[in-house]
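In what follows, a structure is listed as structure tokens, so that the remarks can point back to it.
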Amino acid sequence: MNPTEIFEAIEAIARAPFDAGEFPFAFAEATDNAKATISKLRNGTTNKSDLPGGVLVARKFHYAPALRGMTDVTLDALRGSKRTATAKPAILIATDGETVAAEHRASGDTLHCRFDEIGDHFGFFLPAAGKERYRAVEENPIDVKATGKLARLYDALVKANPDWATDARRHEMNQLMMRLIFCLFAEDVGIFPYNQFSRLVFSHAGNKGEEAREAILAAFRAMNLPKDRRAGLPAWTAELEYVNGGLFASGIDAPVFDPVAFRYLKDAAALNWREINPDIFGSMIQSVADPKQRAELGMHYTSVPNIMKVIGPLFLDDLDAEIEKAWDRPNGLRRALSRMAGMRVFDPACGSGNFLVVSYRELRARETRILQRIAELEGSTQVQMWSAIPITNFYGIELDDFAAETAKLALFISEYQANARFGEVFGQMPATLPLKEAARITCGNALRLNWDIVCPPPGEGEQVFIAGNPPFLGDNSRTDEQNADMEHVLAGTLDSYKRIDFVSCWMFKAANYTRGRSARSALVATNSICQGQSVGALWPHILVDGIEIGFAHTSFKWRNNASANAAVICVIVGLRNESRERKRLFSGDLGAVVSTINAYLLDGPNLFIHAEARSIFGLPYMEYGNKPTDDGNLILSEVEKDDLLSEYPEASRFVKKFMGSDEVVNGKVRYCLWVPDQDADEAAAIPALRARFDRVAAFRAASKAAQTRPAAAFPHRFRQAQNWARSHAILVPSVSSERRPYLPVERVGADVIPSNLNQVLYDAPDWCLALIASRLHLVWIATVCGKLKSDFRYSNTMGWNTFPVPHFTQDQLEQLSASARRIMKTRWSHYPATIAELYDPERMPDDLRQAHKENDDLLESMYIGRPFRNDTERLEKLFKLYAARMKQEAAA
DNA sequence: GATCCGACAGCTG
DNA sequence: CAGCTGTCGGATC
1 MNPTEIFEAI EAIARAPFDA GEFPFAFAEA TDNAKATISK LRNGTTNKSD LPGGVLVARK
61 FHYAPALRGM TDVTLDALRG SKRTATAKPA ILIATDGETV AAEHRASGDT LHCRFDEIGD
121 HFGFFLPAAG KERYRAVEEN PIDVKATGKL ARLYDALVKA NPDWATDARR HEMNQLMMRL
181 IFCLFAEDVG IFPYNQFSRL VFSHAGNKGE EAREAILAAF RAMNLPKDRR AGLPAWTAEL
241 EYVNGGLFAS GIDAPVFDPV AFRYLKDAAA LNWREINPDI FGSMIQSVAD PKQRAELGMH
301 YTSVPNIMKV IGPLFLDDLD AEIEKAWDRP NGLRRALSRM AGMRVFDPAC GSGNFLVVSY
361 RELRARETRI LQRIAELEGS TQVQMWSAIP ITNFYGIELD DFAAETAKLA LFISEYQANA
421 RFGEVFGQMP ATLPLKEAAR ITCGNALRLN WDIVCPPPGE GEQVFIAGNP PFLGDNSRTD
481 EQNADMEHVL AGTLDSYKRI DFVSCWMFKA ANYTRGRSAR SALVATNSIC QGQSVGALWP
541 HILVDGIEIG FAHTSFKWRN NASANAAVIC VIVGLRNESR ERKRLFSGDL GAVVSTINAY
601 LLDGPNLFIH AEARSIFGLP YMEYGNKPTD DGNLILSEVE KDDLLSEYPE ASRFVKKFMG
661 SDEVVNGKVR YCLWVPDQDA DEAAAIPALR ARFDRVAAFR AASKAAQTRP AAAFPHRFRQ
721 AQNWARSHAI LVPSVSSERR PYLPVERVGA DVIPSNLNQV LYDAPDWCLA LIASRLHLVW
781 IATVCGKLKS DFRYSNTMGW NTFPVPHFTQ DQLEQLSASA RRIMKTRWSH YPATIAELYD
841 PERMPDDLRQ AHKENDDLLE SMYIGRPFRN DTERLEKLFK LYAARMKQEA AA
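Be aware that the first sequence starts at 1, since it is given in UniProt numbering, and climbs by one per residue.
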């Protein structure tokens, strides 16, 4: 159940007559417990409560009925209950049917309200449904309630009017929803006389909405016409205001309301729309037209703090500094005002308009403050009495029609709210109606549209700021159409673009728009575009012809107030034309002024590390492990191996130890079937193996990967059986935790088959291990390789093959080998501790730490004659060596 | 033939 | 649920 559904279920309880015995089961149902759980609760088998009439569901809630007027006493009893202590319910709830007293145990927050109001506080009860507390909901439940009502209305309308669900009519349907929302908002905030729209429509719509369509159509048509031009419309529409502003200008139609849809419309009208928050409301409401998004409910909307991370350094911080500097000088303040009037904000992936709404609100707030200050300084009332920041300075592109319509509406609502605040301060507010022009939202594909046409380039005295959070999609999750969009944008400029993220297209177009103009841009992106292969593929084509990174936020975890957050790590990159202004690099909440920001978002030289097939410093060949592509059928757990061998001892010659990252890092044990081609028939004669091979063949044959399908012909073998050791192998897990102070690396015997989750040095000397286990190497890998979210990802081509080393003498190599063996020996002395345990930053044994320290000191003295002071110094040296090597190669 | 990536995925506490 | 940490195999070079 999503929050909307939980709200509706709790509200239904609030409306129904109270029954002390029935309430806890209804509450359990409303908070997402399975039917079976509830019936077990009813017959008492799982009820753990120790209070009379109480019901306790472990980790969810503990309820007890209260005597009239005694809810607080009962809540106290719940707090003191032994069973509360053992079963750890999230929520305690006591009620007498009149009032409710409840507590959220983790925070100690309490709730006291009338029983029939519990629907309004449903956010408080979400923890009883196993959901985290949902701050946005508790602060502003109206947004979720409105979303729920509108979603029901939308569904009911589509059901009653199947033709309105077609692509051809979707835009009209979306417009209808926006018009209705506008009217409901307008009549609640005083744009229309209170309740005017619903009063008129509902009194002419018939009892069950038989005439609702005609009434709504008449009302909409009237609002598009000045009052003196409404001949031909029903007389009752004369009362309605002239709205216009484009909202009612085009294609007025309405679907038929059946009794169900009509009831939902009435429910929606009953909400207090004054309270809605356009920041969040816009995002939530997007889910109305898209049932898939309802479960996610705002998963991808950008939170206000994250928007501020973008627009702060992009333009607000500079503006604030300017205002601050001119604070005592009316002329300076007027200059700031006139600059603000020329500032345009353009979000080329605007969704429901979050960035535009927040930008608009922030600019209007500053304008109001400046006007107040000017009035104060000049002691007169002769200040400009109206805002010079037009809503038409806000531009957006959005693919989804419903979201685009929402963005327009959200901006309209923000404009109204900003004007109302202006009115509070200056005692006068302009006439709201008829609406003036609206924000410039274009519904279309940002990767196909010419941005210069959507948002004309800045003229004299103007600045354009591109800001937004475009979609992230890796190469495995794009549609054919999206791939075609990428080709359209990037082919011809980028040599290889297919493996970089979709969001790169926006970054690229933003750079092109910005270049050579009075413009700047800043976009949220997945951190992968500033790591690994993407860096060399993308950034050399952005940071050219005068474009530089003016500010950036390094990786941060995506978070907003939605109940489910997207699992992704983001960066923000601000682009501008080369400038002497400061550059700012933010890590978390800390910002630093730096001299250059490179494509890795580091304060360092503007350098792109490219993948290499072999080490450019002459290190041994490291290669990718063996990839099964077997749906698990060539892999055996310890138990499976034992079962197999006890039944078919002759299979033992086909079974080998199999190690991936997990096996190296966490000491897990797995086996694989490793059958030489000439023994394929013999192996297939063993029924258990034959069954496994058949499953492999079926799985591969059904694959959509071109390389996998032919491998169905040799199911006894890995799809890619690359190599194996003659005497020993050094394994480097390809993914491992970012918390460790050193990269995991392990030396194994020839009996082990390394999986593709390791990079492998076969039969290589021990000094290689000393390099990989060094701090220098970790710093290099962390910088130039990709990441999995924020964890280290080891690549042979980009990490090992580019790793700069000085020329080692034979003697030095022997010293390093000895050092590597000391590290291994120290690890063995802690047997059976795993690498994960040994390298836990909190619990790393002192002797192992010491062995690594000695290894680092030894290796580093071979670079510069002494240990490095810190990682910055390490990286500087490595970059220098890399650059020198590249120069040498270019010369050769 | 070889390998980088995942608006993640699976496990644990 | 929320934090932690690396599977698996497609797609691309």
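Heads up, the beta-carbon is just placed ideally off N, CA and C, and yes, glycines get one too.
Inter-residue Cα distance where the pair is residue i and residue j
i, j, result
"Leu356", "Glu437", "16 Å"
"Pro605", "Asn598", "6 Å"
"Tyr794", "Val544", "29 Å"
"Ser504", "Ala611", "19 Å"
"Arg629", "Phe472", "The sequence as given places Thr at residue 629; Arg does not occur at that position. About 27 Å."
"Phe315", "Met429", "27 Å"
"Asp501", "Arg114", "51 Å"
"Ile321", "Arg869", "The sequence shown places Ala at residue 321, not Ile. Rounded to the nearest angstrom, the two C-alpha atoms are 37 Å apart."
"Gly342", "Val454", "17 Å"
"Glu8", "Glu211", "27 Å"
"Asp318", "Ile307", "16 Å"
"Val760", "Lys853", "24 Å"
"His112", "Ala129", "19 Å"
"Tyr134", "Gly119", "Annotation note: pLDDT 47 at Tyr134 (below 50); position unreliable, coordinate value reported separately. Computed Cα separation, rounded: 15 Å."
"Asp847", "His830", "10 Å"
"Phe658", "Ser652", "14 Å"
"Ala467", "Glu5", "34 Å"
"Pro24", "Tyr63", "7 Å"
"Ala136", "Gly97", "A caution first: Ala136 carries a pLDDT of 47, below 50, which makes its placement in the model unreliable, though a value can still be read off. Spanning the two alpha carbons is a distance of roughly 28 Å."
"Pro456", "Ala552", "26 Å"
"Gly80", "Gly21", "22 Å"
Candidates the options, of which the one nearest residue i by Cα
i, options, result
"Ile389", "Phe422, Asp871 and Leu673", "Phe422"
"Arg395", "Arg584, Ala685, Lys60 and Gly351", "Inspection of the sequence shows that residue 395 is occupied by Tyr rather than by Arg. Among Arg584, Ala685, Lys60 and Gly351, the Cα nearest to that of Tyr395 is on Gly351."
"Leu778", "Arg739, Glu172 and Phe808", "Arg739"
"Lys145", "Ala129, Phe122, Glu460 and Lys82", "Phe122"
"Gly206", "Ala836, Ala407, Lys266 and Ser579", "Lys266"
"Asp228", "Ala833, Leu601, Ala238 and Tyr648", "Ala238"
"Ser579", "Leu771, Ser518 and Gly232", "Ser518"
"Ile413", "Ile191, Ile823 and Tyr671", "Ile191"
"Ala566", "Ser303, Leu538, Arg105 and Leu67", "Ser303"
"Val696", "Ile6, Ile635 and Ala685", "Ile635"
"Gly749", "Ser595, His728, Val732 and Ser737", "His728"
"Asp19", "Met340, Pro89, Lys789 and Leu67", "Leu67"
"Trp558", "Gly550, Ile549, Asp452 and Cys570", "Cys570"
"Thr432", "Arg334, Phe220, Gln417 and Asn393", "Gln417"
DSSP bridge partner residues for residue i (one or two, in chain order)
i, result
"Cys443", "Glu398"
"Phe792", "Ser736 and Lys787"
"Gln678", "According to DSSP, Gln678 bridges with nothing at all."
"Glu103", "Leu92 and Thr110"
"Leu761", "Ile730"
"Arg520", "Phe465"
"residue 902", "This structure gives no information on residue 902, because the portion of the chain shown stretches from 1 to 892."
"Ile772", "The partner list for Ile772 (beta bridge, DSSP) is empty, contrary to what the question assumes."
"Asp347", "Gly396"
Cβ neighbours of residue i in the same chain (closer than 7 Å, five flanking residues each side left out)
i, result
"Pro804", "Phe617, Leu878, Leu881, Tyr882 and Arg885"
"Gln372", "Val425"
"Met862", "Pro806, Phe808 and Gln812"
"Thr708", "Thr629, Arg700 and Arg719"
Own chain partners of residue i with C-beta closer than 8 Å, once the 5 adjacent residues on each side are dropped
i, result
"Arg843", "Glu837"
"residue 894", "Past the boundaries of the shown model lies residue 894; the chain is included only from 1 to 892, so the question cannot be answered."
"Lys498", "Asp475, Asn483 and Met486"
"Gly532", "Val784, Cys785, Gly786, Lys787, Arg793, Ser795 and Met798"
"Ala420", "Val189 and Met429"
Proximity test, residue i beta-carbon vs the ligand ADP heavy atom, cut-off 8 Å
i, result
"Asn419", "This structure lacks the ligand ADP; in fact it carries no ligand of any kind."
Beta-carbon contacts of residue i that lie in its chain and below 6 Å, excluding the five residues immediately before and after
i, result
"His541", "Thr493 and Leu494"
"Asn469", "Thr302 and Val524"
"His171", "Asp401"
For the structure I just gave you, are there three or more beta carbon pairs, one from the region 177–184 and one from the region 236–255, closer than 8 Å?
yes
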